[in-house]
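Count along the sequence shown from 1, then add 2; that gives the number in this note's numbering. Before any comments, here is the structure.
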Amino acid sequence: MQLLKDRIIKDGANLGGGILKVDGFINHQVDAVLMDACGQELASLFKEIGADKVLTAEISGIAPAVMTARYLNIPVVYARKTKPITMPETVYLTTAPSHTRGTMTELIVSPEFLCCGEKILIIDDFLASGSTIAGLARLTAAAGAQLVGIGALVEKVFEGGREKLKGLGVPIESLAIISNMDDGKIVFSN
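Here it is, written out as structure tokens:
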């Protein structure tokens with residue numbers, strides 16, 4: 003998606019070590035118009051899979067997930083990082099490493115919002131190592147739901163996430179695919 007790639011070149015920053023800073027328009031301050039366009043594009047890519055819900059991770063995945071769900075006319079569920087007192091005692095829980103924090107992060111979903119038999123589309127901001135998305139796929143399986151697709155705004159192919167997730171047997175789509183971030187560059191392959 004050229005609009006997203008242009009914005010990454012204009013306002014993104016390669017911080018080295020595979021870290022792409024997009025805080026000004028995706029994951030700290032959100033450009034709602036850009037997220038709307040991204041959501042519309044992701045929804046068009048997944049319109050035929052028959053998803054019942056979009057699943058994402060707190061917090062950076064929420065904006066693209068909400069906009070995608072808007073165009074698919076389905077609800078969004080996001081995995082929480084901490085369990086609020088309003089959540090039932092029994093929950094679906096897994097952990098995944100956080101690339102930017104360097105720690106393990108809990109992903110928690112209430113069973114009242116992720117149900118057996120539902121068709122789940124995972125949408126996230128980044129597909130890098132695939133660890134967070136794999137965690138969301140584990141939550142989907144634990145609920146007895148069916149994973150039907152995976153979408154991301156930005157994919158960093160050099161981190162191998164797509165290869166890790168291919169075994170899930172679902173379509174994987176990314177709007178901006180980065181093949182190289184060496185020497186401060188940002189090189190797209192799509």
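Just so it is clear, CB atoms sit at the ideal spot from N, CA and C, and this is done for glycine as well.
Inset, instruction - Return yes when the Cβ of R164 is within less than 8 Å of the Cβ of L129, no when it is not. - result: yes
Legend entry - DSSP-derived helix/strand/coil call for I115: Reading off the sequence shown, one finds Phe at residue 115, where the question assumed Ile. Three-state result, F115: coil.
Legend entry - Cβ contact check for the region 56-76 and the region 39-46: 3 or more pairs under 8 Å: yes
Legend entry - Simplified DSSP assignment, three categories, for A178: strand
Legend entry - L201: first and last residue of the uninterrupted alpha helix (DSSP H) it sits in: Given a span of 3 to 192 for the chain in the structure shown, any question on residue 201 remains unanswerable.
Inset, instruction - Evaluate I61 with the Cβ neighbour count: other Cβ atoms within 10 Å of its Cβ, from every protein chain shown; 16 or more gives buried, anything less gives exposed. - result: exposed
Legend entry - Whole-angstrom distance between Q31 and M37, CA atom to CA atom: 11 Å
Legend entry - Alpha-carbon spacing of Q4 relative to A178, whole angstroms: 8 Å
Inset, instruction - Could you name the residues that DSSP lists as bridge partners for I124? - result: L57 and I152
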